[in-house]
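Chemist: Sharing a structure, written as structure tokens. Questions coming.
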Amino acid sequence: MQRILVFFVFLMLVSCNFFESKEKRTQEMINAELREMDWNSIDSYPLFLDCDETATKQVQKQCFEQKITRYFETTLNEFEFTVDSDKNAIVDVIFVIDAEGKINVVDIVKDASILRQMPEFDGIITQSLKNIPPIAPALKRGIPVKTKFKIPVQLNTK
Numbered sequence: 066m067q068r069i070l071v072f073f074v075f076l077m078l079v080s081c082n083f084f085e086s087k088e089k090r091t092q093e094m095i096n097a098e099l100r101e102m103d104w105n106s107i108d109s110y111p112l113f114l115d116c117d118e119t120a121t122k123q124v125q126k127q128c129f130e131q132k133i134t135r136y137f138e139t140t141l142n143e144f145e146f147t148v149d150s151d152k153n154a155i156v157d158v159i160f161v162i163d164a165e166g167k168i169n170v171v172d173i174v175k176d177a178s179i180l181r182q183m184p185e186f187d188g189i190i191t192q193s194l195k196n197i198p199p200i201a202p203a204l205k206r207g208i209p210v211k212t213k214f215k216i217p218v219q220l221n222t223k
């Protein structure tokens, strides 16, 4: 009876170590996969409802860029932005589309002269991006991820 009990205890210890090592191997495989993953690229771009989610990545990118540029342009055409300058003023609007598809302005890069001439500019840009129709977030391995974009906006000069 004692031999059976010792054998049973031995069997339990070996089986626990078997599961532990299997779990450890799985974790090591996951860590290796994460180290090899290209975190600077996405599998699919953020999409508006009328963009084709089954299209190639390049077609998705074009659809997204066209739609967001068109919407942004339409919204900003409601305002007259004119700057006193010898050269065309370009403003870079940097924004993030989060994993839920919400847009957040990160930065608006512009000359100090633009800020002096149009102090309300940042508010108009931010509000116009918040009113964009729903967007499905970008995907990486089927998981929604946040993505960062930059739109250059050219302002007319007098």
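All residue numbers for the sequence shown refer to the working numbering, where the first residue is 66 and numbers rise by one. Note that beta-carbon positions come from the ideal geometry of N, C-alpha and C, so glycine has one too.
(1) Give me, in chain order, the residues of the same chain whose beta-carbon lies closer than 8 Å to that of D163; leave out the 5 immediate sequence neighbours on both sides.
(2) So the alpha helix (DSSP H) D187 belongs to, where does it begin and stop?
(3) Can you tell me the Cα-Cα spacing of Q182 and N153, whole angstroms?
(4) Under the three-state reduction of DSSP, which class applies to A120: helix, strand or coil?
(5) Which first and last residues belong to the beta strand (DSSP E) in which A164 is found?
(6) Kindly give me the distance between the Cβ atoms of I216 and F137, rounded to whole angstroms, as I take these residues to be in contact under 8 Å.
(7) Give the C-beta separation of L204 and D108 to the nearest angstrom, bearing in mind that I take them to be a contact with Cβ-Cβ under 8 Å.
(8) To which residues of the same chain is T140 closer than 6 Å at the C-beta, ignoring the five residues directly before and after it?
(9) Is it true that the CB of V174 sits closer than 8 Å to the CB of K213?
(10) Measure the Cβ-Cβ separation of V156 and I179 and say whether it is below 8 Å.
(11) Less than 7 Å between the CB of V161 and some heavy atom of the ligand GTP, yes or no?
(12) Where does S109 sit, in a helix, a strand or coil, going by DSSP?
(13) Verify whether the separation of the beta carbon atoms of G166 and I200 is less than 8 Å.
(14) Rounded to the nearest angstrom, how far is the Cβ of P198 from that of F129, given a contact under 8 Å?
(15) Nearest to F186 by alpha carbon, out of Q219, T119 and K126?
(16) DSSP puts Q219 in a beta bridge; with which residues?
Modeler: With the given structure in hand:
(1) N169, P202 and K211
(2) F186 to K195
(3) 14 Å
(4) coil
(5) Note, A164: premise wrong, no beta strand (DSSP E); not H, not E.
(6) 6 Å
(7) 5 Å
(8) S193
(9) no
(10) yes
(11) Summarising the ligand content, the structure contains no ligands, and the ligand GTP is consequently not present.
(12) strand
(13) yes
(14) P198 to F129, Cβ: 12 Å. No contact.
(15) Q219
(16) I155
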